[in-house]
Amino acid sequence: MPEPVLIAEDARRLLDELDRDVPGAAHLSAECRPALDILETTDATEVVVDVPGVPAKALRVAIRANTVMIVGAKLVPTTPANARFHLAERTYGRFARAVRIAGAFDAQRAKALVENGLLRIVLPRIEDRRGRLVDIEVESA
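Residue numbers for the sequence shown follow my numbering, so the first one is 3 and each next one is one higher.
This is the structure:
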């Protein structure tokens, strides 16, 4: 199966899991698109996503090949029944983002942490072995 099809299936699976595990997520009719940054340090590539008001239990992160998938749900907060909005700019709903990451990283050692409204996904780099002298033992037949 082509990689884009697999990634789309993975995203659907993660959304289904979220709908099952997070009360109210399946009933969100709106979608939102949280902003994200991708940055590189000497040790890792990091994906930082704005997720204010989204608890860790309402987020899913998965990696296939060099694509990081982030799926989540930002639930609408409860407001008093008699409240009237004068301005409503905040967005709510489910979201799914897939970003391709350049370079080699160790997906098995990847970590994701939510703190202060940010989801930080750290993808440790794999040391580049090109250009190094590698001794190969010669065996006799």
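Glycine included, every Cβ here is placed at the ideal spot set by N, Cα and C.
Can you tell me which of the options puts its alpha carbon nearest to the alpha carbon of residue i?
i: valine 53; options: Val70, Ala37 and Arg14; result: Ala37
i: lysine 113; options: Pro126, Arg35 and Gly95; result: Pro126
i: glycine 105; options: Asp23, Val56 and Glu129; result: Glu129
i: leucine 77; options: Ala90, Val116, Glu33 and Ile40; result: Glu33
When burial is assigned at 16 or more other CB atoms within 10 Å of the CB, is residue i buried or exposed?
i: threonine 47; result: buried
i: leucine 61; result: buried
i: leucine 89; result: exposed
i: phenylalanine 87; result: exposed
From residue i to residue j, what does the alpha carbon distance come to, in whole angstroms?
i: alanine 98; j: valine 73; result: 4 Å
i: valine 116; j: arginine 15; result: 22 Å
i: isoleucine 9; j: proline 25; result: 25 Å
Excluding the 5 residues preceding and the 5 following residue i in the sequence, name in chain order all residues of the same chain whose CB lies nearer than 8 Å to its CB.
i: leucine 120; result: Val50, Val51, Asp52 and Val53
Apart from the five residues just before and just after residue i, which ones in its own chain have a Cβ nearer than 6 Å to its Cβ?
i: valine 101; result: Val70
i: threonine 93; result: Cys34
i: valine 56; result: Gly74 and Lys76
Going by beta carbon distance, what residues of the same chain come within less than 7 Å of residue i, once the five residues before and after it are set aside?
i: isoleucine 123; result: Glu48, Val49, Val63, Val70, Ala112 and Ala114
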